[in-house]
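Everything on this sheet refers to the single structure shown next.
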Amino acid sequence: MTIEDEKIEPAFGGLGPDAGRTSSTDQERQDTDSDAESTEQDRGRVVDEKSHRAEKVVEEEDVDIDEEAQEPPYTVPTRVHSRASSARSRPLSIVPRSKRRGLFGQFAVLPEVDRPYDYSDRTKWMITTIVALAAAGAPIGSSIFYPALPNMAADLHSTPTIVNLTVAFYMLSMSIFPLWWSSFSETLGRRTIYIISFSLFVVFSVLSAVSTSVGMLIAMRILGGGASASVQAVGAGTIADIWEVERRGRAMAMFYLGPLTGPLLAPIIGGALSEGFGWRSTMWFLAIFGGVVLVMVFFGLPETLAKRKSVAHDPHPSHPDSSAGDAIAPHLSRMSTRQSVAIQTKRGAVFLKRALLDPLSCILYLRFPPVALTVYFAAITFGALFVLNISTQSLFAKDPYNFSELIVGLLYLPGSLGYVAASFIGGRWIDSIMAREARKAGRYDARGKLIYLPEDRMRENAWLAASMYPAALIWFGWAVDKGVFWFVPCVANFFFGFSSMLVFGAATTMLTEFMPRRSSSGVALNNFVRNIFSCVGVIVTQPLLNAMGAGWLCTMIALVAWVSGNACIWALKKYGPGWRKTMDEKLNHGP
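See the structure below:
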């Protein structure tokens, strides 16, 4: 079955394409066929009156009409109890190839549809997989350098402290650039941002590989990190575009496998490449990886952003100071030079505001307590993750372990396994909690659908995660501090990965639901704050390890995370609904 055939495929496994059709539907098909025949006759008369070129144009239009004159929608004779089942009861309304949005959208193999929720599960998981793989690019680029830093310093005749800036500034750019990517994606669309950003990522990775000085390398790393970080904000928006609320938790957990598994696998890849081919091979690897992702996005990712009627998408925009487009045309021809300059200046100011200042406006969302608490909960967890990562690299390379670079890279695998386990278990668990809380509260709409609230994602799953990862961090810190057998801290690393994944998945999904019309902006804000936490963690961990030791450092970080994290959960549970209503009222009247 082809993709084009998917629009008449029922989403319920046991129903064929004719299941549930009524006699009225058959009558509609007859009417449609009759209209199609009339259309063919009308177009035939046009062909007789036009030239050969016009005849070819009409024939092409006929093909488009025939493609769209598919079978009418079928109806499923059952009561709909959820948004997912409602979406499955509709056939796909495929956008004609010539009208598809996004940069080079006509080349996408997967078609764009009017209602992304109506994609089949197979298509949704394919899109989710592509986005998750793309989201791994930025964190892989930040971690693949770790084993190669000593060789890089020697090759570029620099010091380890200066070379470390290639990682620190890369992570800083990962926190800032997504503010612009997410803002532009809300108007230009997701696909356009993906293609532009990964094209730049490939270019800057190649320039990093051929850098002749540490200054050039740092500059290219800043630009490359900013380009690759687009998916960390826009990707969550894509997930929210295609997945219904009641199934979004599992999809978001799968999406987060990319950005969370990348930093754990990258040191292994970086260690092997740097030992065999030198540090520049890590940059060539990033360029190849970016190229593969770019090809997958180019051919496999349709535009998923919901269509909106706005000036940005209006094919016939009117004059900004007029209320009737064509009515002012005679006056425009007599417009004075001063008026023309004033209008052009105003348009330039609007463009600069939109390009430079509007992306920063998402920081203002922190004034809403639900957003601020959710972002902090995820950020403190992310900062603790990088404290653990830096500690692993530093402590296992010294006495009493003295592991090689490649073996140290392999020690990041337990955390990856924890992420994978949480992505399969945690997502389903959170979705079931959402449904349970809605049924318990008796929240049904007029059509019998469950009404889900973002706060429902912070239940026993959040309490468990907020206590488990600090406990695992303390476990890890004292185990390596006392030189315990390496397997013991690796087990702690697994539980840290599992519990932190629960936090990241729930927090990111909640942000997309707090601001459904600004999902990418909410996730970009989360990315901005958490990467600042991680950047601080990378910079201060080594000095604090030298001053305090791993045991006391991890204990201090864990206690702060445990107290503040549980306080966030308690506040969201107690005051969340009221805060969210106030936030909704303010957002409906402006950002």
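Per our numbering, the very first residue in the sequence shown carries number 557; after that it's consecutive.
Each residue gets a CB set at the ideal place from its N, CA and C atoms; glycine is no exception.
Beta-carbon gap between residue i and residue j smaller than 9 Å
| i | j | result |
| --- | --- | --- |
| residue 827 | residue 964 | yes |
| residue 1052 | residue 1071 | no |
| residue 719 | residue 705 | yes |
| residue 787 | residue 694 | yes |
| residue 1045 | residue 940 | no |
| residue 846 | residue 766 | no |
| residue 1119 | residue 727 | no |
| residue 973 | residue 994 | no |
| residue 697 | residue 792 | no |
| residue 1106 | residue 1037 | yes |
| residue 761 | residue 776 | yes |
| residue 1086 | residue 991 | no |
| residue 657 | residue 863 | yes |
| residue 1054 | residue 975 | yes |
| residue 915 | residue 1139 | no |
| residue 671 | residue 648 | yes |
| residue 810 | residue 983 | yes |
| residue 858 | residue 661 | yes |
| residue 918 | residue 763 | no |
| residue 795 | residue 684 | yes |
| residue 703 | residue 837 | no |
| residue 970 | residue 1049 | yes |
| residue 748 | residue 659 | yes |
Of the listed residues the options, nearest to residue i (C-alpha basis)
| i | options | result |
| --- | --- | --- |
| residue 1115 | 928, 1000, 957, 1030 | 1030 |
| residue 1061 | 970, 814, 661, 742 | 814 |
| residue 1065 | 735, 1045, 779, 930 | 930 |
| residue 1083 | 665, 1009, 937, 722 | 937 |
| residue 1133 | 663, 924, 1106, 947 | 924 |
| residue 751 | 683, 855, 796 | 855 |
| residue 770 | 710, 730, 650, 1077 | 710 |
| residue 1096 | 944, 793, 683 | 944 |
| residue 921 | 830, 1079, 835, 858 | 1079 |
| residue 778 | 748, 795, 731, 737 | 731 |
| residue 700 | 1141, 946, 733 | 946 |
| residue 1039 | 824, 659, 952 | 952 |
| residue 1058 | 859, 1110, 985, 957 | 985 |
| residue 860 | 689, 853, 746, 849 | 746 |
| residue 812 | 653, 1033, 689 | 689 |
| residue 733 | 1110, 1022, 1077, 816 | 1077 |
| residue 692 | 835, 783, 917 | 783 |
| residue 1102 | 950, 1042, 1049, 1063 | 950 |
| residue 1042 | 966, 1092, 816 | 966 |
| residue 834 | 849, 913, 712 | 712 |
| residue 514 | 1035, 753, 905 | Shown here, the chain extends from 557 to 1147; a query on residue 514 therefore has no answer. |
| residue 932 | 820, 655, 1022 | 1022 |
Per-residue DSSP class, three states only, for residue i
| i | result |
| --- | --- |
| residue 1000 | strand |
| residue 712 | coil |
| residue 857 | coil |
| residue 700 | coil |
| residue 650 | strand |
| residue 665 | coil |
| residue 659 | coil |
| residue 821 | helix |
| residue 1100 | helix |
| residue 1006 | strand |
| residue 681 | helix |
| residue 843 | helix |
| residue 676 | coil |
| residue 1014 | coil |
| residue 690 | helix |
| residue 862 | coil |
| residue 1106 | helix |
| residue 1136 | helix |
| residue 671 | coil |
| residue 720 | coil |
| residue 828 | helix |
| residue 518 | What the structure shows of the chain is the stretch from 557 to 1147, and residue 518 is not part of that stretch, so it cannot be assessed. |
| residue 834 | coil |
| residue 879 | Low per-residue confidence applies at residue 879: pLDDT is 42, beneath 50, and the placement is therefore not dependable, though the value from the model is reported in the following sentence. Residue 879 falls in the coil class under three-state DSSP. |
Practice item. Quick one: which unbroken alpha helix (DSSP H) runs of 4-plus residues sit fully inside the stretch 1028-1089? Chain order, please. Key: Along the stretch 1028-1089, the alpha helix (DSSP H) occurs as fully enclosed runs of 4 or more residues at 1043-1070, listed in sequence order.
Check your understanding: Where are the alpha helix (DSSP H) runs, 4 residues long or more, that stay fully inside the stretch 730-775, in chain order?
Key -> If only uninterrupted alpha helix (DSSP H) runs of at least 4 residues are considered, those enclosed by the stretch 730-775 are 746-765.
Point to revise | Segment contact flag, the stretch 798-805 with the stretch 772-790, C-beta cutoff 8 Å, min 3 pairs | key: No, because fewer than three Cβ pairs between the stretch 798-805 and the stretch 772-790 fall closer than 8 Å, the two stretches do not touch.
Review point. Any chance the stretch 832-842 sits against the stretch 739-756, with 3 or more Cβ pairs inside 8 Å?
Key: Contact fails: fewer than three Cβ-Cβ distances are below 8 Å.
Check your understanding: Hey, is the stretch 1120-1137 in contact with the stretch 1006-1016, meaning 3+ C-beta pairs nearer than 8 Å?
Key -> Counting Cβ pairs under 8 Å, three or more are found: they touch.
Exercise for review: Entirely within the stretch 787-821 and at least 3 residues each: give me those beta strand (DSSP E) ranges in chain order.
Suggested key: The beta strand (DSSP E) runs lying completely inside the stretch 787-821 and spanning 3 residues or more number zero.
Check your understanding: What are the uninterrupted segments assigned as beta strand (DSSP E) that are 3 or more residues long and contained completely in the stretch 909-996, given in chain order?
Key -> Given a length threshold of 3 residues, the stretch 909-996 has no whole run of the beta strand (DSSP E) inside it.
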